[in-house]
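Q: Submitted below is the structure of interest, expressed as structure tokens.
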Amino acid sequence: MADATSTRDPGTGGVPTSTCDASLIAARLDRIPPNSFHGRLAGLLAVGGFFDAFDAVSIAVMLTVLTDYFHIGFADAGLIVSAGYVGQSAGALIAGALAEKLGRRKAFIFSLVAFGLLSIGAALAWSYTSLLVFRMVQGLGLGAEVPLGGTLMNEFLSRRHRGRIGLIYQSAFPWGLFAAPLVGVVLLGELGPRDGWRWLFAIGALPLLAAAAAWRWLPESPRWLAEHGRTAAADVIVSRVEKAAERRGRVLPDPEPIPPQVATRLRLAELFSADYRPRTLMLWATWFAAFFITYGFTVWLPTLYVKLGGLATSVSLELTLVTSAVQIVVVYVAAFLIDRIGRKPLLVGGFAIMAVGTAFGTIGVSVLHLTAWPVLFAAGVITAMGASLPATILYIYTAELYPTRMRAWGSATGSSLARFASILSPLVISQILAAGGGVSWVFGSLLLVAVLGLAVLIGFGVETRNRTLEELAR
Numbered sequence: 019m020a021d022a023t024s025t026r027d028p029g030t031g032g033v034p035t036s037t038c039d040a041s042l043i044a045a046r047l048d049r050i051p052p053n054s055f056h057g058r059l060a061g062l063l064a065v066g067g068f069f070d071a072f073d074a075v076s077i078a079v080m081l082t083v084l085t086d087y088f089h090i091g092f093a094d095a096g097l098i099v100s101a102g103y104v105g106q107s108a109g110a111l112i113a114g115a116l117a118e119k120l121g122r123r124k125a126f127i128f129s130l131v132a133f134g135l136l137s138i139g140a141a142l143a144w145s146y147t148s149l150l151v152f153r154m155v156q157g158l159g160l161g162a163e164v165p166l167g168g169t170l171m172n173e174f175l176s177r178r179h180r181g182r183i184g185l186i187y188q189s190a191f192p193w194g195l196f197a198a199p200l201v202g203v204v205l206l207g208e209l210g211p212r213d214g215w216r217w218l219f220a221i222g223a224l225p226l227l228a229a230a231a232a233w234r235w236l237p238e239s240p241r242w243l244a245e246h247g248r249t250a251a252a253d254v255i256v257s258r259v260e261k262a263a264e265r266r267g268r269v270l271p272d273p274e275p276i277p278p279q280v281a282t283r284l285r286l287a288e289l290f291s292a293d294y295r296p297r298t299l300m301l302w303a304t305w306f307a308a309f310f311i312t313y314g315f316t317v318w319l320p321t322l323y324v325k326l327g328g329l330a331t332s333v334s335l336e337l338t339l340v341t342s343a344v345q346i347v348v349v350y351v352a353a354f355l356i357d358r359i360g361r362k363p364l365l366v367g368g369f370a371i372m373a374v375g376t377a378f379g380t381i382g383v384s385v386l387h388l389t390a391w392p393v394l395f396a397a398g399v400i401t402a403m404g405a406s407l408p409a410t411i412l413y414i415y416t417a418e419l420y421p422t423r424m425r426a427w428g429s430a431t432g433s434s435l436a437r438f439a440s441i442l443s444p445l446v447i448s449q450i451l452a453a454g455g456g457v458s459w460v461f462g463s464l465l466l467v468a469v470l471g472l473a474v475l476i477g478f479g480v481e482t483r484n485r486t487l488e489e490l491a492r
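Numbering-wise, the sequence shown is residues 19 to 492 according to our numbering.
Structure follows, in structure tokens:
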């Protein structure tokens, strides 16, 4: 049992440990409908998802500007993008391990502070090399925020609402995609390329405000507390959520019994135990495929509009804005459907749509020899529609497929694979373009990845709809 003093912090309600039944904590959470508590929690945690997307598109928005400012080519520009994802990959793994040992709350707050401070450093970069370094260490915080937020959100939601509320929370990602080009157009237009890119990086300091709010209000996961023997603290937090529901006039039913799980110590290699190896390999392949396409396309599309489509930078950003708006609509439609038809059908549908979009681009350019910007735009919109589904659903889906003792670690490793794909994809695309391979080769490589991801999901995906986290863990 944990030392009682270890629970006396704002995240646990300041109460000592207890021998209260941990399975009852999960059962109580599972019958609480969405309420104002969940809304506040989602709003705070969504900062991570918003800035994950905002950062990805911001660097895409700035790529053309930075190539001119630092006098670099496609290959060096790709390194600026990849440097951030190297940091994010490492940050996800470090935070995942810390979250299992120290708690989700502390790890999440630390990630917000790290990203916010180092965003200021990136804004003050004085050379190409200094920008690479700041982008890499900035990524440590950003890479941790999103999987930790998704894990914590999942652990507060009931099985009946986990998909819908979780996906509405994850809609912060497409909102970030939408906001970045909009802010980029304003800053680059008003301040000019020389100063605009610095202010775009500086916006990344805003999570420092969220960190202050999280320190005062953000609770620890009751499931994590119960898993670590601190069930009295978990009881206090669950009571807060119950009271928020009762204030809306909800009469909560009695908790349905959930069979207790045998408490075991986390082994980081447990992801590859006989019970979890198939899930881990399926998830890793899906994460890699989804984000290879998502970030490869997101990062390079504005530049392709300018360099190959012959458009002005402002017009390319406006087209990117339209694409992001479409993604927001897709995510909200998916939120309506996810608890009705399940996670797997939506994930399969997302990869199928990505395959259609990239196939359209491949055929349009290589077979029909259409090179005008409308072809890039049409292929981009279709591909982005599909990409928005796994880019948001995977954070929910991954957290559902692991038990509490390894949920943050499992989510973090999946997210780390996404970051690795995000490192590799811009580099691959930059090398294709630098070697004169052309846009058809870019679309063709993305098509291949989409088909492989689709095959993995169809063959090995697990449906999680309307099942408790404890049931899925067995």
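Where is the CB? At the ideal position from N, CA and C, for every residue including glycine. Keep in mind the model is a prediction, meaning the values are calculated, not measured.
#1: Between the alpha carbons of V201 and L419, how many angstroms are there, rounded?
#2: Give me, in chain order, the residues of the same chain whose beta-carbon lies closer than 7 Å to that of I400; leave out the 5 immediate sequence neighbours on both sides.
#3: Are there three or more Cβ pairs, one per stretch, closer than 8 Å when the segment 126-136 is compared with the segment 180-196?
#4: Anyone know if the C-beta pair for E274 and D39 falls short of 8 Å?
#5: Quick one: grab the DSSP three-state call for R295.
#6: Report the rounded CA-to-CA distance for M300 versus I311, giving the unit in angstroms.
#7: Quick check on G202 - is its C-beta less than 8 Å from some C-beta in chain D?
#8: Compute the Euclidean distance between the alpha carbons of A7 and K261, then round it to the nearest angstrom.
#9: Quick one: residues in its chain with C-beta nearer than 7 Å to the C-beta of F88, no 5 flanking neighbours on either side, listed in chain order?
#10: Which residues mark the beginning and the end of the alpha helix (DSSP H) in which Y413 is found?
#11: Whose CA, out of L490, E208 and R483, lies closest to the CA of R182?
#12: Check this for me: beta carbons of V164 and S458, under 8 Å apart or not?
#13: Can you tell me whether Q449 is buried or exposed, with buried defined as 16 or more other CB within 10 angstroms of its CB?
#14: Count the other C-beta atoms from every protein chain shown that fall within 10 angstroms of the C-beta of R266, then say buried if there are 16 or more, exposed otherwise.
#15: Check whether the segment 328-335 touches the segment 57-67, taking contact to mean three or more Cβ pairs, one atom from each stretch, closer than 8 Å.
#16: Distance, Cα to Cα, A230 vs S107?
#17: Which value, in whole angstroms, describes the spacing of the CA atoms of G404 and D293?
#18: Quick check: what's the CA-CA separation for F290 versus P296?
#19: Residues in its own chain within less than 7 Å of L435 by CB, not counting five upstream and five downstream?
#20: Assuming the contact rule is C-beta atoms closer than 8 Å, V349 and L185 should be a hit. Round their C-beta distance to whole Å, please.
#21: Go ahead and pull the three-state DSSP assignment for V33.
#22: Classify W144 as buried or exposed, calling it buried when 16 or more other Cβ atoms lie within 10 Å of its own Cβ.
#23: With the cut-off set at 8 Å, would you say L218 and V79 are in Cβ contact?
#24: In terms of residues, what are the limits of the alpha helix (DSSP H) holding T486?
#25: Helix or strand or just coil, what does DSSP make of R248?
#26: Distance, Cα to Cα, L365 vs A141?
#27: What would DSSP say about A343, mapped onto helix, strand or coil?
#28: Do I43 and T249 have their CB atoms nearer than 8 Å?
#29: Among L270, A426, G168 and T416, which has the Cα closest to the Cα of R46?
#30: State the Cα-Cα distance for the pair Q345 and V254, rounded to the nearest angstrom.
#31: Report yes if the CB atom of T338 is closer than 8 Å to the CB atom of L355, and no otherwise.
#32: Mind checking which residues open and close the alpha helix (DSSP H) that includes N172?
#33: Leaving out five residues on either side along the sequence, give the residues of the same chain with a beta carbon under 6 Å from the beta carbon of A20.
#34: Note down the Cα distance separating R58 from Y187, rounded to an integer number of angstroms.
#35: Under DSSP, the alpha helix (DSSP H) around V269 begins and ends at which residues?
#36: Let's test the definition: count the other Cβ atoms within 10 Å of the Cβ of S257 and tell me whether it reaches 16, buried, or not, exposed.
A: For this structure:
#1: In a straight line, the C-alpha of V201 is about 37 Å away from that of L419.
#2: Leaving aside the five residues that flank I400 on each side, the residues in its chain whose CB is nearer than 7 Å to its CB run, in chain order, I371, V374, G375 and F378.
#3: Contact fails: fewer than three Cβ-Cβ distances are below 8 Å.
#4: Going by C-beta atoms, E274 is not nearer than 8 Å to D39.
#5: Taken through DSSP and simplified to helix, strand or coil, R295 comes out as helix.
#6: The straight-line gap from Cα to Cα measures roughly 17 Å.
#7: Of the chains in the structure shown, none is chain D; there is only one protein chain.
#8: Since the displayed the chain opens at 19 and closes at 492, residue 7 lies outside it and no answer follows.
#9: Cβ within range, chain order: Y146.
#10: Per DSSP, Y413 belongs to the alpha helix (DSSP H) from W391 to E418.
#11: That would be R483, whose Cα lies nearest to the Cα of R182.
#12: Not in contact: V164 and S458 (Cβ atoms no closer than 8 Å).
#13: When all chains shown are included, Q449 counts as exposed.
#14: The residue in question, R266, is exposed, as its Cβ has fewer than 16 Cβ neighbours within 10 Å.
#15: Of all C-beta pairs linking the segment 328-335 to the segment 57-67, fewer than three are shorter than 8 Å, placing the two stretches out of contact.
#16: Annotation: A230 to S107 spans about 25 Å, alpha carbon to alpha carbon.
#17: Our two residues, G404 and D293, have alpha carbons roughly 31 Å apart in a direct line.
#18: When only Cα atoms are considered, F290 and P296 end up about 8 Å apart.
#19: Correct list, in chain order: W302, W305 and F306.
#20: Right, the Cβ-Cβ distance comes to about 7 Å (below 8 Å), so this counts as a contact.
#21: Residue placement at V33 cannot be trusted, given a pLDDT of 40 that sits under 50; what the coordinates show is reported in the next sentence. In the displayed model, V33 falls within coil according to three-state DSSP, outside both helix and strand.
#22: With fewer than 16 Cβ atoms within 10 Å of its Cβ, W144 is classed as exposed.
#23: At the C-beta level, L218 and V79 come within 8 Å of one another.
#24: Element bounds for T486: n/a, residue is neither H nor E.
#25: R248 falls in the strand class under three-state DSSP.
#26: If I take the Cα positions, the gap works out to 36 Å.
#27: Secondary structure of A343 (DSSP, three-state): helix.
#28: With respect to the 8 Å criterion, I43 and T249 are classified as neighbours on the basis of their beta carbons.
#29: Taking only the C-alpha atoms, the option nearest R46 is L270.
#30: Approximately 38 Å between the Cα atoms of the pair.
#31: Going by C-beta atoms, T338 is not nearer than 8 Å to L355.
#32: Y146 to N172 is the span of the alpha helix (DSSP H), which, as asked, contains N172.
#33: In this prediction, A20 scores a pLDDT of 37, lower than 50, which makes its location untrustworthy; the coordinate-derived value is nonetheless stated afterwards. For A20, where only same-chain residues beyond five positions count, the Cβ hits under 6 Å are T35, H246, G247 and R248.
#34: Approximately 11 Å, taken between the alpha carbons.
#35: Per DSSP, V269 lies in no alpha helix (DSSP H) segment and is marked neither H nor E.
#36: Sixteen is the threshold: since fewer than 16 other Cβ atoms of the shown chains lie within 10 Å of the Cβ of S257, the residue is exposed.
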